[in-house]
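Below is one structure, written out as structure tokens, with a few remarks after it.
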Amino acid sequence: MSIYPSTALPFSQACENNKQPILEVLQKELKDSLHVLEVGSGTGQHSVYFAPRLAHLTWQTSDILAHHATINAWHTAYPAPNLYKPLAFDLAVDPLPISPASNQPYDAVFTANTLHIISWPLVTKLFELVGDVLPANGKLIVYGPFNEDGHYTSAGNQQFDISLRQRDPKSGIRHLEDIIALAKTHHLRLSNKYAMPANNQLLVFQKL
Ligand SMILES: C[S@@+](CC[C@H](N)C(=O)[O-])C[C@H]1O[C@@H](n2cnc3c(N)ncnc32)[C@H](O)[C@@H]1O
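What the sequence shown shows, in this note's numbering, is residues 1108 to 1315, in sequence order.
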């Protein structure tokens, strides 16, 4: 059941469904992290749920400018001291931001449901940027659907992939093996892989 009563805020049902299972993994994986950058914050719903429940760290939202009004509206409705207003960050053109809280690179980056939306060149850009700046043992955490062993993991994911590619041929569900190989070229090692509800996965990469 939603903790957000009837609201006029732009709303993602998927975020509502997956936020608690994701949080449970983040509480474990981010227990030693201090400053987290979220790439592609979308509506901002994840951020207002995660930040107060990960009070030991700062949660910095970011997205392309078109999403900022929505993210700000969620932050105004559900503020938290460690929740930071969105940075304008477009993978296509921007360097990875520095944490305004520490004036240093982030020690963790989280992104949900973005790798199947952005083009493969932007997926590679994300891993390159993050691999370049994460400190040793820093984490890149990626949530979403992935294919495994060259196959869809469910009929639902297959349908989803077809619809994504019809809308934008550059988008589509990525192959887990391609992501792991890409990460490796940027000194990011897969340290954990969690099966998540609705045939999604949460991948944790650690900087070597
Ligand atoms: C499907 S939404 C996911 C939003 C949210 N993370 C979630 O799980 O609901 C994909 C997100 O990727 C962002 N995105 C698309 N292209 C981007 C780019 N070039 N740079 C940064 N973010 C981008 C979109 O603006 C959007 O917020």
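Using N, Cα and C, we set each Cβ at its ideal position, and we do this for glycine too. All values derive from a computational prediction rather than experimental measurement.
(message) Bridge partners for residue 1263 per DSSP, in chain order?
(response) For the purposes of this step, residue 1263 is taken as residue 156 along the sequence shown, with counting starting at 1. DSSP output for residue 1263 lists no bridge partner at all.
(message) Check this for me: beta carbons of residue 1316 and residue 1185, under 8 Å apart or not?
(response) It is not possible to answer for residue 1316, since the shown part of the chain is limited to 1108 through 1315.
(request) Output the residue ranges of the beta strand (DSSP E) runs that lie fully inside the stretch 1238 to 1298 and measure 3 residues or longer, sorted by chain position. (result) The qualifying runs are 1246 to 1251.
(message) Please classify residue 1202 as buried or exposed, where buried requires at least 16 neighbouring CB atoms within 10 angstroms.
(response) Here residue 1202 is taken as the residue at index 95 of the sequence shown, counted from 1. Its Cβ having fewer than 16 others within 10 Å, residue 1202 is exposed.
(message) Please classify residue 1211 as buried or exposed, where buried requires at least 16 other C-beta atoms within 10 Å of its C-beta.
(response) Position 104 of the sequence shown, counted from the first residue, corresponds to residue 1211. Residue 1211 comes out exposed.
(message) Within the continuous alpha helix (DSSP H) that includes residue 1158, where are the two ends?
(response) Position 51 of the sequence shown holds residue 1158. For residue 1158, the enclosing alpha helix (DSSP H) starts and ends at 1152 to 1160.
(request) Consult DSSP for residue 1218 and reduce its assignment to one of helix, strand or coil. (result) Residue mapping note: residue 1218 aligns to position 111 of the sequence shown, counting from 1. In the structure shown, the three-state DSSP call for residue 1218 is strand.
(request) Specify whether the stretch 1228 to 1236 and the stretch 1256 to 1270 touch according to this definition: at least 3 beta carbon pairs, one from each stretch, less than 8 Å apart. (result) Remark: fewer than three beta-carbon pairs, one from each stretch, lie closer than 8 Å, so the stretch 1228 to 1236 and the stretch 1256 to 1270 are not flagged as touching.
(request) Alpha carbon to alpha carbon, how far is residue 1273 from residue 1155? Give it in angstroms, no decimals. (result) What you label residue 1155 is simply residue 48 of the sequence shown in a count that begins at 1. What you label residue 1273 is simply residue 166 of the sequence shown in a count that begins at 1. Their backbone Cα atoms lie some 32 Å apart in a straight line.
(request) Look at residue 1267 and residue 1308 and say whether their C-beta atoms are less than 8 Å apart. (result) Numbered from its first residue, the sequence shown carries residue 1267 at position 160. Numbered from its first residue, the sequence shown carries residue 1308 at position 201. No. Outside cutoff.
(message) Tell me whether residue 1225, by its Cβ, gets closer than 7 Å to a heavy atom of ligand 1.
(response) Position 118 of the sequence shown, counted from the first residue, corresponds to residue 1225. Flag set: Cβ of residue 1225 near ligand 1.
(message) Determine whether the beta carbon atoms of residue 1142 and residue 1164 lie at a separation below 8 Å.
(response) Position 35 of the sequence shown holds residue 1142. Position 57 of the sequence shown holds residue 1164. Note that the C-beta distance between residue 1142 and residue 1164 is below 8 Å.
(message) Counting C-beta neighbours from all protein chains within 10 Å, is the total for residue 1152 16 or more, i.e. buried, or is it exposed?
(response) As a working note, residue 1152 is residue 45 in the sequence shown. Counting Cβ neighbours within 10 Å, residue 1152 comes out buried, since at least 16 surround it.
(request) Work out the CA separation of residue 1135 and residue 1124 for me, nearest whole Å. (result) Start at 1 with the first residue of the sequence shown, and residue 1124 comes out as number 17. Start at 1 with the first residue of the sequence shown, and residue 1135 comes out as number 28. So the two alpha carbons sit approximately 19 Å from each other.
(message) Quick check: does the Cβ of residue 1275 come within less than 7 Å of any heavy atom belonging to ligand 1?
(response) Along the sequence shown, one-based indexing puts residue 1275 at 168. Checking every heavy atom of ligand 1 against the Cβ of residue 1275, none is found closer than 7 Å.
(request) Determine the burial state of residue 1112: buried for a count of at least 16 other Cβ atoms within 10 Å of its Cβ, exposed for fewer. (result) In the sequence shown, residue 1112 corresponds to position 5, counting from 1. Note that residue 1112 has pLDDT 47, beneath the 50 cutoff, so the model's placement of it is unreliable and the number below is only indicative. The Cβ neighbour count for residue 1112, taken over all protein chains shown within 10 Å, is under 16; the residue is labelled exposed.
(message) Spatial neighbours of residue 1249 within its chain, please: C-beta separation below 6 Å, excluding the five flanking residues on both sides.
(response) Taking the sequence shown and counting its residues from 1, one reaches residue 1249 at position 142. Beyond the five residues adjoining it in sequence on each side, residue 1249 comes within less than 6 Å, by CB distance, of 1218, 1310 in the same chain, given in chain order.
(request) Run through the stretch 1133 to 1216 for me and flag every whole beta strand (DSSP E) of 3 or more residues, listed as ranges in chain order. (result) With a minimum length of 3 residues, the continuous beta strand (DSSP E) runs that stay inside the stretch 1133 to 1216 are 1142 to 1146, 1165 to 1170, 1190 to 1195.
(request) Please confirm whether residue 1246 and residue 1198 have their CB atoms less than 8 Å apart. (result) Counting from one through the sequence shown, the residue named residue 1246 turns up at place 139. Counting from one through the sequence shown, the residue named residue 1198 turns up at place 91. At least 8 Å separates the beta-carbon of residue 1246 from that of residue 1198.
(request) State the beta-bridge partners of residue 1313 as determined by DSSP. (result) The residue given as residue 1313 occupies position 206 in the sequence shown. 1246, 1296, per the DSSP bridge assignment.
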